[in-house]
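Engineer: In UniProt numbering, the protein residues as written are 1 to 183.
Following this message is one structure expressed as structure tokens.
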């Protein structure tokens, strides 16, 4: 997972490079170090006549690659459960951030916090909306926006105290130094 370089934000050497998505993310602070990495590896195979041809085809990141989905089962996609979870989280976080009028940087940061929570199994046993909301609130606090916990709970129509418990659990488990409101 580590690529041998350090994070510009926190100095950690724990960098996760995902060639499928084309990005490099610090797993310590969630900062996106590199985006849209181009992979220039080409594989060739020999056909029955001895001619070489390139293997694979271009598949857009948001397509299913020609596979069909039946109900909850993704037949032939080769998609792992974690990838499906991350895709659903990105959708939920994007929807919440759009309701709060947050920019794309905040969406990316919240998705990275979610990914850090997912890696450490902090999402198990908790409602998805609570995790998304807590990640967005952590982002709001670290970015210094004026959004409060009650604003997010009002948008999602969930209990502010339950959301606060989830926020505290995530921030403590991820060892985040979140600035207090007004700093």
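Every residue, glycine too, gets a C-beta built ideally from N, C-alpha and C.
#1: Short check: CB of residue 151 to CB of residue 100, under 9 Å?
#2: Counting along the chain, where does the beta strand (DSSP E) carrying residue 162 start and finish?
#3: Could you tell me which whole beta strand (DSSP E) segments of length 3 or greater appear in the segment 66 to 153?
#4: Less than 8 Å between the CB atoms is what I'm expecting for residue 14 and residue 28, so what's the real figure, rounded?
#5: Just grab the DSSP bridge partners of residue 25 for me.
#6: Could you tell me whether the Cβ atoms of residue 106 and residue 155 are closer together than 9 Å?
#7: If we count the other Cβ atoms within 10 Å of its Cβ and call it buried at 16 or more, is residue 103 buried or exposed?
#8: Just tell me which of 171, 143 and 132 has its CA closest to the CA of residue 153.
#9: Within 8 Å: the Cβ of residue 136 and any heavy atom of the ligand SAM?
#10: What is the rounded straight-line gap between the Cα of residue 171 and the Cα of residue 48?
#11: Below 8 Å on the Cβ atoms is my contact criterion, and I expect residue 160 with residue 149 to pass it. Report the Cβ-Cβ distance as a whole number of Å.
#12: Less than 8 Å between C-beta atoms, sequence neighbours within five positions excluded: which residues of the same chain meet that for residue 10?
#13: If we ignore side chains and look at the alpha-carbon of each, how far apart do residue 12 and residue 166 end up?
#14: Using a Cβ-Cβ cutoff of less than 6 Å, which residues in the same chain neighbour residue 89 once the five nearest sequence positions on both sides are dropped?
#15: Take the Cβ of residue 82 as the centre, count every other Cβ of all protein chains shown within 10 Å, and call the residue buried at 16 or more, exposed below.
Structural biologist: According to the structure shown:
#1: Here residue 151 corresponds to residue number 151 of the chain shown, with the count starting at 1. Here residue 100 corresponds to residue number 100 of the chain shown, with the count starting at 1. In this structure, residue 100 lies closer than 9 Å to residue 151 by Cβ.
#2: For the purposes of this step, residue 162 is taken as residue 162 along the chain shown, with counting starting at 1. Unbroken run through residue 162 is the alpha helix (DSSP H), 160 to 173; no beta strand (DSSP E).
#3: 68 to 70 and 73 to 75
#4: The residue labelled residue 14 in the question sits at position 14 within the chain shown. The residue labelled residue 28 in the question sits at position 28 within the chain shown. Rounded, the Cβ-Cβ distance is 5 Å, consistent with contact.
#5: As a first step, residue 25 must be located in the chain shown, where it is residue number 25. BP columns for residue 25 point to 16 and 32.
#6: In the chain shown, the residue the question calls residue 106 occupies position 106. In the chain shown, the residue the question calls residue 155 occupies position 155. Result no, Cβ atoms of residue 106 and residue 155 do not sit closer than 9 Å.
#7: Residue mapping note: residue 103 aligns to position 103 of the chain shown, counting from 1. That one is exposed.
#8: Start at 1 with the first residue of the chain shown, and residue 153 comes out as number 153. Of 171, 143 and 132, the smallest CA-CA separation from residue 153 is found for 132.
#9: For the structure depicted, the ligand SAM is absent and the ligand set is empty, with no information on it obtainable.
#10: On the chain shown, position 171 is the one that residue 171 refers to. On the chain shown, position 48 is the one that residue 48 refers to. Roughly 58 Å separates the two Cα atoms.
#11: As a working note, residue 160 is residue 160 in the chain shown. As a working note, residue 149 is residue 149 in the chain shown. Indeed, because the Cβ distance is near 6 Å, the residues count as touching under 8 Å.
#12: Locating residue 10 in the chain shown gives position 10, where the first residue counts as 1. Once the five neighbours on either side are set aside, the close Cβ partners of residue 10 are 26, 28, 29 and 31.
#13: Translated into the one-based positions of the chain shown, residue 12 becomes position 12. Translated into the one-based positions of the chain shown, residue 166 becomes position 166. Cα to Cα, residue 12 sits roughly 26 Å from residue 166.
#14: For the purposes of this step, residue 89 is taken as residue 89 along the chain shown, with counting starting at 1. If we look at residue 89 and ignore the five residues flanking it on each side, its Cβ neighbours are 114.
#15: Counting from 1 along the chain shown, the entry for residue 82 is found at position 82. Residue 82 should be labelled exposed.
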